[in-house]
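Notes follow the structure.
Residue numbers (the working numbering): 3 to 131.
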């Protein structure tokens, strides 16, 4: 066995390790995605109403004239937005319209003890973006 063979073995071993790490990362990403989908499905079964952000986004914006499903054209709001709360990126007029719409849906729905798990009571139409 000469030096070239030893170097080639080391290169092959490094490639195998790299491939194994890549495979492990891909498997972890797939498992994470499945977990997120399961969590989202469970949340939809628990909550009969979408979030306030979804209600607000389903309305058109009176301030910047953004169509339903499109984010507001508000660079200052986007820059000052709280990263964990996407509703802060929308104009306050649109937020209020979403709140009114959600309150109407909540008011029309049956009493909380009469609601069925997994059933949605919102009137939002799917927004095409």
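From the three backbone atoms N, C-alpha and C, an ideal C-beta is built for every residue, glycine too. Predicted, not measured: the structure shown is a model, and the values here were computed from it.
DSSP places residue 121 in the coil class of the three-state scheme, outside both helix and strand. Judged by pairs of C-beta atoms under 8 angstroms, the region 60-77 touches the region 100-120, as three or more such pairs exist. The Cβ-Cβ distance between residue 104 and residue 55 does not fall below 8 angstroms. Non-local C-beta neighbours of residue 33 in its own chain, meaning closer than 7 angstroms and more than five positions away in sequence, are absent. Residue 59 sits in a helix when the DSSP states are folded into three classes.
Of the other Cβ atoms in all chains shown, 16 or more fall within 10 Å of the Cβ of residue 68; this residue is therefore buried.
Approximately 10 angstroms separates the beta-carbon atoms of residue 79 and residue 96; this is outside 8 angstroms, ruling out the contact. Between residue 126 and residue 52, the CB-CB gap stays under 8 angstroms.
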